[in-house]
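Using my numbering, the first residue of the sequence shown is number 12, and each one after it goes up by one.
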Amino acid sequence: MSCEEQSVMANNHVQSQSSSYWPFCKMRLPSLQNCIKFGIIFCLGFLLLLANQDTCINTNNQQSAVPKPMEQVDQSLQVKSRDIQYHDDCIASLSEQEEKHSQEVASLKRQIRELKRELKKHLSNTQQVEEPQKYKDLEGGIRAQRSSDVDNHDDLSDFIRQQMAKIEMHKPLQSEYDVVPFSSLNSKLVYSLESGLSHRPSERPRGDKKEDLVEAVYFAIDILNKKKDNTFNSFSIDNFVDGIFKSERTIGTYYNLVFRGTQESYYQSVEILRPFSPLQKLRSQIIDTNKILVNIIIPLSGRLDKFQSFIERFKSVCLDNRMHVYLTVVYFGEEGLSEIHSVLFNMAHQYNFHNYKLIRLNVTFSRGRGLEEGVQNWDGSDVLMFFCDVDIAFTKEFIEHCRYNTVPGRTVYYPIVFSLYNPKIIHTINDAMPDTPQLMIHHEMGFWRDFGFGMTCQYRSDFLSIKGFNMDIKGWGGEDVDLYRRYIQSDLKIIRVTDPTIFHLYHPKVCQTNLTAEQYRMCIMSRAVNEASHSQLGILAFKDKVNMTLFHMGQIKHTWLGAIQPPQDKV
C-alpha cells in the first residue's frame, strides 16, 4: 500500500471514530431547554426532600411524649426486672420464716415426746405392775420399727399403735373376777354372758352390736382377699365359720375370726382390733337443779296403807330436804277417797306444803289413763314429770338424777329400778324381820327390773308431742312399753340406766284372768322373778329334803325352811 492510500485510510478511521462518539456527546451535553427542565425538576425534588425532612422532625417532636416501641420494651423489661427482684425477696423471706417455723415445730415435737416419756414413766410407777419382759420387747420392737412414722403422724395415730401393742400383752390379774370373758359368734347367733334384756344364752345380734360384728367380719374378708399369697379365688361371707370377741374398756374390741379355705381342714384366722380413741370433750354445762320443778304423778285405786307409807317416805325425802317438787295424785273411785284427802291435808298442815293436787276419776282403774289425766291437768308452763307408783321408794339423789338426766327436746330418763324380793323368803327364822324395807343393792335382796318401763322422767312438752299413752290398752301393763317404744323410735335420746337410788318394794302380784294372752304372760313372768333369787327358789323347792337332811345331821336349829311358805296364788 502507497503512502497516499495509508493516509486516506487513517483519515477515514479518524472520521469513523468521530462519527461513532457523537451520540454519546449528545447525551452528555444536552440542550439548554433540557437543562432548564432538568434544573426545574431538580429544584422541585429538592424542595420536596426538604419538606419531607421537616415533616419527620415535626412528627418526632409531636411524639416525643409517647415511648417508641423500643422504649416500651425497655420499660417493660425494667418492670419485670423489679417484679423478679421483689419475688426473689419474698421467696427469701418466706423461706426464712418457714425455716424458723420448722425449727419451732421440731422443738415442740421434742417437748411433746419428752412429756410423753415423763407421763408414761409416771403411769408405770402408779400402776406398780410389771409387764413381762418379752412383751416389753415386743412393744419396743413395734415402736422402733415404726419410729419413722411416729413423727409424721399426729398423737391419735401414736395412741392407736399403743392400743394395738396393749392387746398383745398379758398382765397378771388379781383373781378370776378380773378376767374379761370372750363372747362367741357364728353367722346366725351370738353366745354371751351379757345376755341383755332377753336373758337368753344365745341371741341374734341387734342394733349397734349387729353393725359392729358385721363390719368386723367384712373387714376381715377384705383383708383376706387383699393378701398376695392368697391362693383361694375369693373369700365371702359364706366362708365365715365362727369367731370370738371381747371388749376391754381401756383398749378396744378384739376379734379373732375364722374362715374356711379351699380344703375341709384348711382355715384362715384373722385377728383385728377396733381400738378406743383418747377421751374427747363433748360438752360441759352447768345445771341448776334448784330451779327445776318435778311433778310427781301417782295413779291410785284403794291401797290406802301403801299410800300412807308412800307419803311418809315422800315427807322424809322431799319435804324434810325442802326439795322443789309437786305432787299429783289421780284417784280412781269413791271408796277411800276421804282417807286420801285426810292424808294429804295432814301433810300440808304439818309442812305448810300446798304444791299438790288430787284428781278424782270415777272409772275403772287404768294406770295409763291416770297418768294421762295427771299430765293434762297441769296448768303451768312446761314441767318435768316423774311417773311414779305407791310401791316405789326413792332417795333425794334420784330426784337429782331425774333432773339432770332429762332435757326437754333432747332426752327422756328411763331408770332401771332395783326390785326387792319377798322379805319372807329373804329373812330366815333366825333373822328379825325389819320394820321398814331394806333398801340395799345385793343379789340376795333383789334384782334389776330391766323389763319394767313404768318409772320415767320426761318433760310434759315431749310427752304431748309423742301423743302420750295409748288409751285403747286396758288392764295391766302394755301402755308403758308402748310409750317407751315410741320414744326409742323418735329423735329423742333415751337414758336407760341402772339407778341405785330407786327401788320397787315387794308386793304380791295378782294376774287377772281377763287379761290378754300377752298381758297375762308378761304378768306371770314379772311375778315369777319377783319372789326370790334363783338359788333361794331352789332351796324353797327342795325344802323338805333339806330339812330332813339337817334334822338327821343334828342341825335342828337350822331347819328354818319349814317356816317359809310358798306364795299363795291369788288369781
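Beta carbons are placed, not taken as given, at the ideal position from N, Cα and C, and that holds for glycine. These numbers come from a predicted model, not from an experiment.
Reference residue i; option with closest CA among the options
{"i": "residue 523", "options": "538, 397, 544", "result": "538"}
{"i": "residue 310", "options": "353, 370, 280, 325", "result": "370"}
{"i": "residue 284", "options": "260, 425, 294, 278", "result": "260"}
{"i": "residue 392", "options": "305, 425, 328", "result": "305"}
{"i": "residue 540", "options": "270, 390, 519", "result": "519"}
{"i": "residue 464", "options": "278, 244, 494, 472", "result": "494"}
{"i": "residue 312", "options": "555, 429, 351, 542", "result": "351"}
{"i": "residue 316", "options": "562, 348, 185", "result": "348"}
Beta-carbon proximity list for residue i, same chain, < 7 Å, skipping 5 on both sides
{"i": "residue 70", "result": "The pLDDT assigned to residue 70 is 44, lower than 50, so where the model puts this residue is not dependable; a value taken from the coordinates is nonetheless given after this. Within the same chain, residue 70 has no close Cβ partners at all."}
{"i": "residue 422", "result": "416, 503, 504, 506"}
{"i": "residue 247", "result": "232"}
{"i": "residue 21", "result": "Only weak support is given to the placement of residue 21: the predicted model assigns it a pLDDT of 44, under 50, and the value that follows is read from those uncertain coordinates. Once the five neighbours on either side are set aside, residue 21 has no close Cβ partner at all."}
{"i": "residue 276", "result": "none"}
{"i": "residue 230", "result": "283"}
{"i": "residue 404", "result": "324, 448, 450, 514, 516"}
{"i": "residue 274", "result": "none"}
{"i": "residue 334", "result": "407, 410"}
{"i": "residue 398", "result": "308, 382, 465, 466, 467"}
Residue interval of the beta strand (DSSP E) (run including residue i)
{"i": "residue 310", "result": "305-311"}
{"i": "residue 370", "result": "367-372"}
{"i": "residue 282", "result": "278-286"}
{"i": "residue 253", "result": "251-259"}
{"i": "residue 467", "result": "467-470"}
{"i": "residue 267", "result": "263-271"}
{"i": "residue 457", "result": "457-460"}
Distance between residue j and residue i (C-alpha atoms, nearest Å)
{"i": "residue 468", "j": "residue 264", "result": "33 Å"}
{"i": "residue 168", "j": "residue 236", "result": "25 Å"}
{"i": "residue 272", "j": "residue 251", "result": "9 Å"}
{"i": "residue 268", "j": "residue 173", "result": "22 Å"}
{"i": "residue 175", "j": "residue 281", "result": "14 Å"}
{"i": "residue 517", "j": "residue 453", "result": "15 Å"}
{"i": "residue 115", "j": "residue 102", "result": "20 Å"}
{"i": "residue 364", "j": "residue 325", "result": "12 Å"}
{"i": "residue 105", "j": "residue 418", "result": "52 Å"}
{"i": "residue 560", "j": "residue 433", "result": "25 Å"}
{"i": "residue 547", "j": "residue 558", "result": "14 Å"}
{"i": "residue 314", "j": "residue 533", "result": "23 Å"}
{"i": "residue 555", "j": "residue 431", "result": "26 Å"}
{"i": "residue 123", "j": "residue 196", "result": "42 Å"}
CB of residue i within 8 Å of CB of residue j, strictly
{"i": "residue 202", "j": "residue 192", "result": "no"}
{"i": "residue 407", "j": "residue 332", "result": "yes"}
{"i": "residue 379", "j": "residue 372", "result": "no"}
{"i": "residue 456", "j": "residue 513", "result": "no"}
{"i": "residue 436", "j": "residue 543", "result": "yes"}
{"i": "residue 511", "j": "residue 429", "result": "yes"}
{"i": "residue 477", "j": "residue 501", "result": "yes"}
{"i": "residue 339", "j": "residue 307", "result": "yes"}
{"i": "residue 270", "j": "residue 279", "result": "yes"}
Contacts around residue i, its chain only, beta-carbon distance under 8 Å, and the 5 residues preceding and following it disregarded
{"i": "residue 474", "result": "386, 396"}
{"i": "residue 564", "result": "none"}
First through last residue of the alpha helix (DSSP H) which encompasses residue i
{"i": "residue 514", "result": "Taken as a continuous stretch (DSSP letters only), residue 514 belongs to no alpha helix (DSSP H), being part of the beta strand (DSSP E) at 504-515."}
{"i": "residue 237", "result": "218-237"}
{"i": "residue 533", "result": "528-541"}
{"i": "residue 413", "result": "407-415"}
{"i": "residue 349", "result": "348-362"}
{"i": "residue 316", "result": "315-325"}
Sequence-distant residues of the same chain with beta carbon closer than 6 Å to residue i, five excluded per side
{"i": "residue 321", "result": "401"}
{"i": "residue 329", "result": "336"}
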